[in-house]
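Undergrad:
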Amino acid sequence: MSAVWISVIVVGLATMAIKAAGPLLLARRTPPPRAQAALEHLAPALLAALVVTQALGGDNGGFTIDARLAGLAAGAGALLLRAPLLVVITAAAVTAALVRLVA
Amino acid sequence: MRRPADFQAREPGPTTYLDGVRAAAPIGVAALAFGVSFGVLARAADMGRVAPVVMSVTTFAGSAQFAVASILGAGGGLVTAIVAAILLNLRYGPIGLSAATTFEGPWWRRALTAQLIVDESWAIAQRDDGRLDRHLLIGAGLLLLVCWTTGTVIGTFAGDLVADPESLGLDAAFPALFLALLWSQVRDRSRLLAALAGAAIALALMPFTGPGIPIVAASLACLVGARKPA
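Protein chains in written order, with this note's numbering: chain F, 1 to 103; chain R, 1001 to 1230.
Here's what the structure looks like:
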C-alpha cells in the first residue's frame, strides 16, 4: 500500500476515534458539579486559543504576523458595533484581502 | 457583555438542523475555498484524486489534512506526516468531552454524529448554559462537510481555475468567527478568566511546540471553572 493511502487511513481512523472518545465515554453520565463547571469553561478557553493560533500561527509552528491580524482587528471593530456574524466575518476577509492587495 | 445581533435573535425557541446550516453558511464559503486549495495541494503532492477526497470525508479536519499533504509533498516521512496530523487533531479530545452529553441514541449513532464535530460547528453550537445545541452542531457540521468535500473534489479536478483563498482574505475569516463566538461566550468573570488563560497558554507555547499542542494545552484553562461548583 502506498504511503498516501496509509496516511489517509491511519489519520482518518485516529481522528474518528479521538472525536468519538468523549461522547462514547461520558455519555449519559452526569459529571460531578465541579467537573461540569470546568467543562463549561472549555469553550471560552479553546475559542480564545483558536483565535490566537488562527490569527498568528505560522505554517511550521511559531508566529507569523500578516494580513490576518488586520482582518481580525476589523472583525473586532465590527463586533464592537454589534454587527451580525456575517458582517464580522466579511469585514475580516475583505480587510485582509485589501491589505494583501496593497502590501 | 453584549452579544452580536444574530445570537440574540436565535435565542428563544427550539432550534432545527436548518438553523445550524444557516448559521454555518458564511463560514461554509471559506471552507469550500480552502477545500479547493487542499485539493490543489494534494494533487501537487502526488496524492492522486481519490485519496484526498476520501480524506476530506473521513478525517474532515482542515489543518491536519494540510499538514499531511505538505509533509508528503515535501518528501517528509510517512510517520512524520501521521504524527503531525494526530497531534493537530488531539484538540478534538477535550472538544469531544465538552460535547459528550450532546448526542443521543445507541453508541454507534453517538460515534457517528460526533464525526460532525469540527472547530467551526462546535463553536457555532455553543449554548448560553455552557452546553451544546445538537441541532446546530449537526446542521452546521453537515454543511461544512459538504462544502469541504465539494471543495476538495473541485481542487483535485479543476484547481488551476480557482483563485487562492488567501488572496481573498478567507484565512482571516476563521479567527474572526472564533472571536465572534468567544464574544458571546464571555458573560462573567470566570469565563473571561478562562479565555484569557487559554489565550496566554497558547501564546506561550506557540514558539516552542509544533502546531496543535498549544490548543490542547489551552484546554487546561477550563480548570478555572472548577474553583467553585456551578
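Virtual Cβ for every residue (Gly too), placed ideally from N, Cα, C.
Classify Gly1169(R) as helix, strand or coil using the three-state DSSP reduction.
TA: Your numbering for residue 1169(R) matches position 169 in the second sequence. In this structure, Gly1169(R) counts as coil in the three-state DSSP scheme.
Undergrad: For Ala37(F) versus Ala1226(R), is the C-beta spacing smaller than 7 Å?
TA: For the purposes of this step, residue 37(F) is identified with residue 37 of the first sequence, where counting begins at 1. For the purposes of this step, residue 1226(R) is identified with residue 226 of the second sequence, where counting begins at 1. Yes, these two residues count as a Cβ contact at 7 Å.
Undergrad: For Pro1214(R), which residues in the same chain have their Cβ closer than 6 Å to its Cβ, ignoring the five residues on either side in sequence?
TA: On the second sequence, position 214 is the one that residue 1214(R) refers to. If we look at Pro1214(R) and ignore the five residues flanking it on each side, its Cβ neighbours are Ala1202, Leu1205 and Met1206.
Undergrad: Answer with yes or no whether the minimum CB distance from Cys1222(R) to chain F is below 7 Å.
TA: As a first step, residue 1222(R) is located in the second sequence; it is residue number 222 there, counting from the start. Cβ-Cβ to chain F under 7 Å: yes for Cys1222(R).
Undergrad: DSSP three-state call for Gly61(F): helix, strand or coil?
TA: Locating residue 61(F) in the first sequence gives position 61, where the first residue counts as 1. In the structure shown, Gly61(F) sits in a strand (DSSP, three-state: E or B).
Undergrad: Whole angstroms are fine: how far does the CA of Leu24(F) sit from the CA of Thr1101(R)?
TA: Sequence index remark: in the second sequence, residue 1101(R) carries index 101 (1-based). Sequence index remark: in the first sequence, residue 24(F) carries index 24 (1-based). Inter-residue distance for Thr1101(R) and Leu24(F) is about 9 Å (C-alpha atoms, whole angstroms).
Undergrad: Between Thr1015(R) and chain B, is the shortest Cβ-Cβ distance under 7 Å, so that the two count as touching?
TA: Absent from the structure: chain B. Protein chains present are F and R.
Undergrad: Compute the distance between the beta-carbons of Ile18(F) and Tyr1017(R), then report whether it is under 7 Å.
TA: Translated into positions along the first sequence, residue 18(F) becomes position 18. Translated into positions along the second sequence, residue 1017(R) becomes position 17. Result no, Cβ atoms of Ile18(F) and Tyr1017(R) do not sit closer than 7 Å.
Undergrad: Which of the three DSSP states is assigned to Leu56(F) in this structure?
TA: Position 56 of the first sequence, counting from 1, holds the residue named residue 56(F). Annotated three-state conformation of Leu56(F) is helix, per DSSP.
Undergrad: Helix, strand or coil for Gln987(R) per DSSP?
TA: Because residue 987(R) is not part of the residues shown, which for chain R are 1001 to 1230, the question remains open.
Undergrad: Beta-carbon of Ile65(F) versus every beta-carbon of chain R: anything under 7 Å?
TA: Within the first sequence, the letter at position 65 stands for residue 65(F). It does not; no Cβ of chain R falls within 7 Å.
Undergrad: Measure the alpha-carbon distance for Ala1081(R) versus Gly57(F) and round it to whole angstroms.
TA: Counted from its first residue, the second sequence places residue 1081(R) at position 81. Counted from its first residue, the first sequence places residue 57(F) at position 57. Taking the straight line joining both Cα atoms gives about 19 Å.
Undergrad: For Ala73(F) and chain R, any beta-carbon pair shorter than 7 Å?
TA: Sequence index remark: in the first sequence, residue 73(F) carries index 73 (1-based). It does not; no Cβ of chain R falls within 7 Å.
Undergrad: Express the C-alpha separation of Leu1112(R) and Gly1139(R) in angstroms, rounding to a whole number.
TA: By 1-based counting over the second sequence, the position of residue 1139(R) is 139. By 1-based counting over the second sequence, the position of residue 1112(R) is 112. C-alpha separation (whole angstroms): 14 Å.
Undergrad: Would you call the region 1129-1147 of chain R and the region 1021-1029 of chain R in contact, with 3 or more CB pairs under 8 Å?
TA: Enough Cβ pairs lie closer than 8 Å, so yes.
Undergrad: Counting only the same chain and skipping the five closest in sequence on each side, list residues whose C-beta sits under 6 Å from that of Ala74(F).
TA: Taking the first sequence and counting its residues from 1, one reaches residue 74(F) at position 74. Within the same chain, Ala74(F) has close Cβ partners Ala91, Ala92 and Thr95.
Undergrad: Report the rounded CA-to-CA distance for Val88(F) versus Ala70(F), giving the unit in angstroms.
TA: As a working note, residue 88(F) is residue 88 in the first sequence. As a working note, residue 70(F) is residue 70 in the first sequence. One C-alpha to the other measures close to 13 Å.
Undergrad: Cβ of Leu1090(R) within 7 Å of Cβ of Ala1067(R)?
TA: In the second sequence, counting from the first residue as 1, residue 1090(R) sits at position 90. In the second sequence, counting from the first residue as 1, residue 1067(R) sits at position 67. Contact flag unset, no.
Undergrad: Note down, in chain order, every chain R residue with its Cβ under 9 Å from the Cβ of Ala103(F).
TA: The residue labelled residue 103(F) in the question sits at position 103 within the first sequence. Ordered by position in chain R, no residue passes the 9 Å Cβ test against Ala103(F), which lies about 12 Å from the chain.
Undergrad: Spell out whether any CB of chain R is found under 7 Å from the CB atom of Gly77(F).
TA: Counting from 1 along the first sequence, the entry for residue 77(F) is found at position 77. Not closer than 7 Å to any Cβ of chain R, the Cβ of Gly77(F) fails to qualify, so no.
Undergrad: Closer than 7 Å, CB to CB, is Val1186(R) near chain F or not?
TA: For this step, residue 1186(R) is matched to residue 186 along the second sequence. So yes, Val1186(R) belongs to the interface.
Undergrad: When you check each C-beta in the region 1160-1180 of chain R against every C-beta of chain F, which residues fall closer than 8 Å?
TA: Glu1166, Ser1167, Leu1168, Gly1169, Leu1170, Asp1171, Ala1172, Ala1173, Phe1174, Pro1175, Ala1176, Leu1177, Phe1178, Leu1179 and Ala1180
Undergrad: Using the Cα positions of Pro1004(R) and Leu85(F), report the straight-line distance between them to the nearest angstrom.
TA: By 1-based counting over the second sequence, the position of residue 1004(R) is 4. By 1-based counting over the first sequence, the position of residue 85(F) is 85. Note that Pro1004(R) scores a pLDDT of 49, beneath 50, so its modelled location is shaky; the value from the coordinates is reported in the next line. Those two C-alpha atoms are separated by around 7 Å.
Undergrad: Check whether chain F comes within 7 Å of Ala1085(R), counting only Cβ atoms and requiring the distance to be less than that.
TA: Within the second sequence, numbered from 1, the residue matching residue 1085(R) stands at position 85. Cβ-Cβ to chain F under 7 Å: yes for Ala1085(R).
Undergrad: Would you report the Cα separation of Leu1162(R) and Val1029(R), rounded to the nearest angstrom?
TA: As a working mapping, residue 1162(R) is identified with position 162 in the second sequence. As a working mapping, residue 1029(R) is identified with position 29 in the second sequence. According to the sequence as given, residue 1162(R) is Val; it is not Leu. Distance between the alpha carbons of Val1162(R) and Val1029(R) is about 13 Å.
Undergrad: Report the residues of the region 14-26 of chain F with a CB closer than 8 Å to any CB of chain R, ordered along the chain.
TA: Ala14, Thr15, Met16, Ile18, Lys19, Ala20, Ala21, Gly22, Pro23, Leu24, Leu25 and Leu26
Undergrad: If we count Cβ pairs, one from each stretch, closer than 8 Å, do we get three or more for the region 1053-1060 of chain R versus the region 1164-1182 of chain R?
TA: no
Undergrad: What is the residue span of the alpha helix (DSSP H) that Ile1117(R) lies within?
TA: Taking the first residue of the second sequence as 1, we reach residue 1117(R) at position 117. Here Ile1117(R) belongs to no alpha helix (DSSP H), and DSSP marks it neither H nor E.
Undergrad: Looking only at its chain, what residues have a beta carbon closer than 8 Å to the beta carbon of Gly1096(R), apart from the 5 residues adjacent to it on each side?
TA: Taking the second sequence and counting its residues from 1, the one referred to as residue 1096(R) is at position 96. Counting only Cβ-Cβ distances below 8 Å, and skipping sequence neighbours, we find Ala1114 and Ile1117.
Undergrad: Helix, strand or coil for Leu81(F), going by three-state DSSP, please let me know.
TA: To locate residue 81(F), count along the first sequence from 1; it is residue 81. Coil.
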